[in-house]
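Just below is one structure, and these are the notes that go with it.
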Amino acid sequence: MVTTTTAPEEARPSTPRKAGRKPKSRLPRSKLPYLLLLPAVALELLVHVIPMVVGVWMSVLELTQFQIRNWSEAPFAGLDNYRATLDFNGPVGEELLHSFWVTVLYTTLSVGLCWLFGLFAAVFLQRPFPGRSLLRTLFLTPYALPVYAAIITWTFIYQRDTGLLNELLTVTGLVDERPFWLIGPNSFWALLVVSVWKQWPFAFLCIMAGLQNVPTEMYEAAAIDGAGFWRRLKDVTLPMLRPVNQVLVLVLFLWTFNDFNTPFVLFGGSAPEQADIISIHIYRSSFITWNFGQGSAMSVALLLFLLLVTAVYLLITNRRREHA
Amino acid sequence: MLAASVTACGDDSDGGSGGGAKTLTYWASNQGASIDFDKKTLEPELAKFEQQTGIKVNFEVVPWSDLLNRLLAAATSGKGPDVVNIGNTWSASLQATGAFVPFDDATIGAVGGKDRFVPAALAAAGAPGQPPTAVPLYSLSYALYYNKKAFSDAGITAPPTTWEELVTVGKKLTKDGKWGLALEGANPSENSHHAFAFGQQWGGEWFDAAGKPTFDTPQNVAAVKRYIDFMAVDKIVNPSNAEYAQNQSITDFANGKAAMLLWQAAGNAAKAQGMAPDAYGVAPVPFPATAPAGGKKINSMVAGINIAVFKHTKDKDAALQFVKFMTSDAEQVQLNKTYGSLPSVTTVASDAAFQAEEQKVLASVLATSAAPLPQVAEESKFETLVGTAMKELFADAASGKPITEDAVKEKLSNAQQQMGS
Amino acid sequence: MRETAGERWARRVVLTLLTLFTITPLYVMLSSSLKPLRDVQGPFTWVPSRPSFQAFVDMWSTVPLGRYLVNSLLVSSVAALISVAIAIFAAFAVSRYRFRGRQVFSVTVLSTQMFPGILFLLPLFLIYVNLGNATGIELYASRTGLIITYLTFSLPFSIWMLVGYFDSIPRGLDEAAQVDGAGPMRTLFQVILPTAIPGVVAVTVYAFMTAWGEVLFASVMTDENSRTLAVGLQGYATQYNVYWNQVMAASLVVSLPVVAGFLMLQRYFVAGLTAGAVK
Chain C
1 MVTTTTAPEE ARPSTPRKAG RKPKSRLPRS KLPYLLLLPA VALELLVHVI
51 PMVVGVWMSV LELTQFQIRN WSEAPFAGLD NYRATLDFNG PVGEELLHSF
101 WVTVLYTTLS VGLCWLFGLF AAVFLQRPFP GRSLLRTLFL TPYALPVYAA
151 IITWTFIYQR DTGLLNELLT VTGLVDERPF WLIGPNSFWA LLVVSVWKQW
201 PFAFLCIMAG LQNVPTEMYE AAAIDGAGFW RRLKDVTLPM LRPVNQVLVL
251 VLFLWTFNDF NTPFVLFGGS APEQADIISI HIYRSSFITW NFGQGSAMSV
301 ALLLFLLLVT AVYLLITNRR REHA
Chain S
325 MLAASVTACG DDSDGGSGGG AKTLTYWASN QGASIDFDKK TLEPELAKFE
375 QQTGIKVNFE VVPWSDLLNR LLAAATSGKG PDVVNIGNTW SASLQATGAF
425 VPFDDATIGA VGGKDRFVPA ALAAAGAPGQ PPTAVPLYSL SYALYYNKKA
475 FSDAGITAPP TTWEELVTVG KKLTKDGKWG LALEGANPSE NSHHAFAFGQ
525 QWGGEWFDAA GKPTFDTPQN VAAVKRYIDF MAVDKIVNPS NAEYAQNQSI
575 TDFANGKAAM LLWQAAGNAA KAQGMAPDAY GVAPVPFPAT APAGGKKINS
625 MVAGINIAVF KHTKDKDAAL QFVKFMTSDA EQVQLNKTYG SLPSVTTVAS
675 DAAFQAEEQK VLASVLATSA APLPQVAEES KFETLVGTAM KELFADAASG
725 KPITEDAVKE KLSNAQQQMG S
Chain Z
746 MRETAGERWA RRVVLTLLTL FTITPLYVML SSSLKPLRDV QGPFTWVPSR
796 PSFQAFVDMW STVPLGRYLV NSLLVSSVAA LISVAIAIFA AFAVSRYRFR
846 GRQVFSVTVL STQMFPGILF LLPLFLIYVN LGNATGIELY ASRTGLIITY
896 LTFSLPFSIW MLVGYFDSIP RGLDEAAQVD GAGPMRTLFQ VILPTAIPGV
946 VAVTVYAFMT AWGEVLFASV MTDENSRTLA VGLQGYATQY NVYWNQVMAA
996 SLVVSLPVVA GFLMLQRYFV AGLTAGAVK
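Those sequence lines, one after another, are chains C, S and Z. Take the first sequence: its position 220, counted from the start at 1, is 220 in my numbering, and no numbers get skipped. Take the second sequence: its position 132, counted from the start at 1, is 456 in my numbering, and no numbers get skipped. Take the third sequence: its position 277, counted from the start at 1, is 1022 in my numbering, and no numbers get skipped.
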């Protein structure tokens, strides 16, 4: 084992392998991997892990505007915040639970649609045709717009009296009475559409990059075997995309679940009940009403849920990958 | 020592005794048509201050969307500006953080004394019984703005003074795609301001003497229902207003799509939207024809912007000098004139700049029939919860659901329960 | 491999629908930016009846758009470049080495993606302020602080994604290089990276966009001088009015450099590029 600490020395362990011995599939153990990880670990500690620990600490404090200035001396509240938050019969817990279910539905639909759109766009853009690169850029454009601008445009489209959507619906005679999109039951669908519009280019980007590693010979071989479009998709494309998909779907899920910008800009800080997704709910419970202890407790509960889902997801997908 | 350095307004105080250039950081709120406009407005004034005192002020115009979060961050960390503008409804909430210099008698004396300020405005600068956490800078109140041409076309000679009249007039004006009244139904804080003023007229209080929320009292239910009913029952409000949260109601008013508007100092906004000042009239917000039991003669909240000093400032004297400067007669005239608001000091009320019809109405409301929002630490919660409950009621009304007293009560009870934690 | 008629039609229909879905809001932006404010506020019309470029002129003075644009471009590019560099090293370690803590690292890093921003916004802010007081390096309200924050936002996903790409590169390539006497760094830079270019490009774009669009942290952690577009554009919604036409005009203009960047990166997505290199 090499014990030196300077970088050039670290790089050495692989050189002796030159001597004709058949190398193992992995490079040998050394300090090199730790050195490679160091910047990532240090930054994640600074920006995510330590603040997060502080955040968890906040969740067991009584922390409102009265304590915020000297919050290290805020009174210990034990599990009081959690009790109030997770008592689903109480007013606070009931709203949180409602918000939770709205978010689950929203996330499931949004991730599913983003992935489908991204997959089909990427697959259909594999074959060269005139205008292909134009479409590729166009599809990425929603991603290039500043989030605020993109969402405010949708707000504009959704206006009941002056928006494009109702204009389309009334001109085509689909509706008689102009519906509301930013308040009431439709607001959920309005939110979903914006979320998909904004997010699917990312799925497209990743899947497109993932498809680069699928050798064209595999398609040709499949085609010679007489595989049609769906068979090729199922037998060649999807298995080859599996490593990309595994991360992509998980990350889309996490982002959408924690998505704050979309409802915040679309509904201006107080979302309608039907679209009261959890991030905006927590924002309202901590920042607008200045109850940081309770807001933190909600966040920690949310975090535990996401950890659980992620763990289960990774277990299942990894097992499947190993079996495949 | 303090008094000595601030009483002078001439050239003799050369930045105090500290030597070297003193600097202050000031966060201004967005009062004008754009951030750039505000900068151009404030720059020459702050240059004057530097000339007078040798104190340089670095300032930033913080958009409203960011201001409260930034204040909170500054209060939490003890790092940030020396002097800030705050929305006056935040006063008690911010006061509770203990991050601001209290304007006790000595402190307020250093900026000219308690009696300088308009009493109603000073009452909206912190919890009663405690020294104010800020002093008023720009003052505003609600008024009824009406489209003169629409009124004369419909043969209406005088603006309504009671809600009953307003409904009658509103029905006359609601035709041909035009509506009697415009309101900002999806904006929680606008809603809550009306909930407060209507509540006062119906004899309701949102908090009892001990500071406990009393949202769902029959008086408050009746008051909120009256406001929602303009859309739900009287149908003088376009149902689309239920989704308005970006000042679209001013737009509707300026474009003639709605003939009346309840707003605080809408003049500049209307002008910015292309409506000439002689196209609209201004009247006090109406009252019920017969006052309900316990009803008060209140038709506006005390609206406005306060100016506060952070405790973490390195130079409290300089900061107070700056507050004194901003609330001085000359600056009060100059700034309030530019922003279309009212002076927060009594000495310049009769200045020629504030004798237009709009300013006179607003000033008289502020002097006689305005009350501050409840000055309790949970005020922002009240605005959010009650305002959101009303937003939901408007959404129901817009989709044609009948708004019963029970429905209103249920929403308000629900909001009240969420205060509990 | 020929495309059947059915596939061709499916392709046309799907791509047309996606194009319409994508382009409609973009068109609304364009047409609204060409209308006077009064027309924008009125009922929707497809074509501006009185087209005007006034919004494209006014937008620069309503808010300091130029400064916001420079800030955003600077913060996003620097954050993206650093983030990708760090991610490449980390992903290389995870993909090519077995070491104690590998699994822990992977899972921990990914789990940071679950942290609700609301929860650690305030603590992070306090840490920055205290670090600033202790070291004299201004992190709060500075572009440096934003860069550090944003690069860590994109880091976890970048690492995971690159591990995925690196894993799909046959190890035989590394081994061949090692046989030729290449050390780990040469293996990474001369063998793995060239093969993983589409992945690296995708991750760079992602890291850039993460910083480009972030609103919540920027609204607390910036001041006038370091404010980014993501929050700066809100300045068009003032006390009096929302300058819809200027918001749209500004959005279009500030997106141009980014879209141009996408166009330039296009060639890295040309199918077959890597396949040829590998084989």
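All residues carry an ideal CB built from backbone N, CA and C; glycine is no exception. Keep in mind it's a predicted model, so treat the numbers as computed, not measured.
Taking C-alpha atoms, which residue in N261(C), A311(C), L174(C) lies nearest to V191(C)?
What you label residue 191(C) is simply residue 191 of the first sequence in a count that begins at 1. Val is not the amino acid found at residue 191(C); the sequence shown has Leu there. Closest option to L191(C), Cα to Cα, is N261(C).
So what's K380(S) in DSSP terms, helix, strand or just coil?
Taking the second sequence and counting its residues from 1, the one referred to as residue 380(S) is at position 56. Strand.
What in chain Z is Cβ-close to G501(S), meaning under 7 Å?
Against the second sequence, residue 501(S) aligns to sequence position 177. By Cβ distance, chain Z contributes nothing, its closest Cβ being about 10 Å from G501(S), past 7 Å.
For S270(C), name the three-state secondary structure that DSSP assigns.
For the purposes of this step, residue 270(C) is taken as the residue at position 270 of the first sequence. Coil, per DSSP.
Just checking, does the segment 586 to 600 of chain S make contact with the segment 421 to 437 of chain S on the three C-beta pairs under 8 Å criterion?
They do not touch, by the three-pair rule.
Using 8 Å as the cut-off, can you tell me whether the segment 931 to 942 of chain Z makes contact with the segment 891 to 906 of chain Z, which would need three or more C-beta pairs spanning the two stretches below that distance?
The segment 931 to 942 of chain Z, when compared against the segment 891 to 906 of chain Z, does not touch it at the 8 Å Cβ threshold.
Where does the unbroken beta strand (DSSP E) through T349(S) begin, and where does it stop?
One-based indexing of the second sequence puts residue 349(S) at position 25. Element bounds for T349(S): 346 to 353.
Would you kindly work out how many angstroms separate the C-alpha atoms of F1007(Z) and V820(Z), rounded to a whole number?
If you number the third sequence from 1, residue 1007(Z) lands on position 262. If you number the third sequence from 1, residue 820(Z) lands on position 75. If I take the Cα positions, the gap works out to 18 Å.
Using CA coordinates, which residue listed in L461(S), A533(S), A578(S), K363(S) is at the minimum distance from G628(S)?
Reading the second sequence from its first residue, position 304 is the one you call residue 628(S). Considering only alpha carbons, the answer is L461(S).
Mind checking if D161(C) is an interface residue toward chain S, Cβ cutoff 8 Å exclusive?
The sequence position of residue 161(C) within the first sequence is 161, counting from 1. Yes, D161(C) counts as interfacial toward chain S.
Can you pull the chain D residues whose beta carbon is under 7 Å from the beta carbon of D912(Z), in chain order?
The displayed structure is made up of protein chains C, S and Z, and chain D is not among them.
Grab the span of the alpha helix (DSSP H) containing I863(Z) for me, first residue to last.
If you number the third sequence from 1, residue 863(Z) lands on position 118. Per DSSP, I863(Z) belongs to the alpha helix (DSSP H) from 862 to 880.
Taking Cβ-Cβ distances below 8 Å as the criterion, which residues of the segment 349 to 373 of chain S are in contact with chain Z?
Cβ contacts with chain Z come from N354, Q355, G356, A357, S358, I359, D360.
From which residue to which residue does the alpha helix (DSSP H) around V852(Z) run?
Walking along the third sequence from the start, residue 852(Z) turns up at place 107. Segment 847 to 856, the alpha helix (DSSP H) holding V852(Z).
Starting from I574(S), trace the alpha helix (DSSP H) in both directions and tell me its first and last residue.
To locate residue 574(S), count along the second sequence from 1; it is residue 250. Counting along the chain, the alpha helix (DSSP H) containing I574(S) begins and ends at 572 to 578.
Given that Q65(C) touches chain S, what residues does it touch there, using C-beta distances under 7 Å?
For the purposes of this step, residue 65(C) is taken as the residue at position 65 of the first sequence. Near Q65(C) (Cβ distances below 7 Å), the residues of chain S are S417, A420, T421, A701.
Closest to R160(C) by C-alpha separation, out of A478(S), P616(S), N565(S), A451(S), would be which residue?
If you number the first sequence from 1, residue 160(C) lands on position 160. It is N565(S) whose Cα lies nearest to the Cα of R160(C).
Taking only the alpha-carbon atoms, compute the straight-line gap between G356(S) and V946(Z) and give it to the nearest angstrom.
Residue 356(S) sits at position 32 when you count from the first residue of the second sequence. Residue 946(Z) sits at position 201 when you count from the first residue of the third sequence. Going by the C-alpha atoms only, they are around 44 Å apart.
Just verifying my parser: in three-state terms, what is the DSSP assignment at Y988(Z)?
Residue mapping note: residue 988(Z) aligns to position 243 of the third sequence, counting from 1. Three-state DSSP puts Y988(Z) in coil, outside helix and strand.
On a Cα-Cα basis, can you pick out the residue from M954(Z), P943(Z), P1002(Z), R845(Z) that is closest to A209(C)?
As a first step, residue 209(C) must be located in the first sequence, where it is residue number 209. The shortest C-alpha separation from A209(C) is found at P943(Z).
Report the CB separation of D270(S) from K473(S) in whole angstroms; it is logged as a contact under 8 Å.
Because chain S in this structure spans residues 325 to 745, residue 270(S) falls outside the shown range and cannot be described.
Quick one: residues in its chain with C-beta nearer than 6 Å to the C-beta of R26(C), no 5 flanking neighbours on either side, listed in chain order?
Here the question's residue 26(C) lines up with position 26 in the first sequence. Any reading at R26(C) is ruled out, since the residue's pLDDT is 48, under 50, leaving its predicted position unreliable.
Which class does K595(S) belong to by DSSP, given the choice of helix, strand or coil?
Position 271 of the second sequence, counted from the first residue, corresponds to residue 595(S). Looking at K595(S) - three-state DSSP - the assignment turns out to be helix.
How is the beta strand (DSSP E) around N471(S) delimited, first residue to last?
Mapped onto the second sequence, residue 471(S) falls at position 147. Its beta strand (DSSP E) spans residues 466 to 471.
Chain C beta carbons: is any one of them nearer than 8 Å to that of A963(Z)?
Taking the first residue of the third sequence as position 1, residue 963(Z) is located at position 218. So, not an interface residue.
Comparing C-alpha positions only, which one of P563(S), A447(S), A582(S), A510(S) sits nearest to K502(S)?
Taking the second sequence and counting its residues from 1, the one referred to as residue 502(S) is at position 178. Checking every option, the nearest Cα to that of K502(S) belongs to A582(S).
Less than 7 Å between C-beta atoms, sequence neighbours within five positions excluded: which residues of the same chain meet that for L961(Z)?
Position 216 of the third sequence, counted from the start, is the residue given in the question as residue 961(Z). The answer, listed in chain order, is G862, L866.
DSSP three-state call for T486(S): helix, strand or coil?
As a working note, residue 486(S) is residue 162 in the second sequence. In the structure shown, T486(S) sits in a strand (DSSP, three-state: E or B).
Classify G628(S) as helix, strand or coil using the three-state DSSP reduction.
As a working note, residue 628(S) is residue 304 in the second sequence. In this structure, G628(S) counts as strand in the three-state DSSP scheme.
Could you tell me whether the Cβ of Q570(S) comes closer than 8 Å to any Cβ of chain Z?
As a working mapping, residue 570(S) is identified with position 246 in the second sequence. For Q570(S), the answer is yes, since a Cβ of chain Z falls inside 8 Å of its Cβ.
Measure the alpha-carbon distance for T538(S) versus F531(S) and round it to whole angstroms.
Counting from one through the second sequence, the residue named residue 538(S) turns up at place 214. Counting from one through the second sequence, the residue named residue 531(S) turns up at place 207. Cα-Cα distance, rounded: 5 Å.
For the beta strand (DSSP E) that Q588(S) lies in, which residues bound it at each end?
Along the second sequence, read from residue 1 onward, the residue named residue 588(S) stands at position 264. Residues 582 to 588.
Select from T940(Z), Y885(Z), R972(Z) the residue whose C-alpha is nearest the C-alpha of G402(S).
For the purposes of this step, residue 402(S) is identified with residue 78 of the second sequence, where counting begins at 1. When each option's Cα is compared against that of G402(S), the closest is Y885(Z).
Would you kindly check if the distance between the Cβ of P443(S) and the Cβ of A449(S) is under 8 Å?
Position 125 of the second sequence holds residue 449(S). Position 119 of the second sequence holds residue 443(S). No, the Cβ-Cβ distance between A449(S) and P443(S) is not below 8 Å.
Report the residue from V773(Z), A750(Z), T764(Z) whose alpha carbon sits nearest the alpha carbon of L997(Z).
Indexing the third sequence from 1 puts residue 997(Z) at position 252. Considering only alpha carbons, the answer is V773(Z).
Which chain Z residues sit within Cβ distance under 8 Å of N393(S)?
On the second sequence, residue 393(S) is found 69 positions in, with the first residue counted as 1. Residues of chain Z passing the Cβ test: S964, V965.
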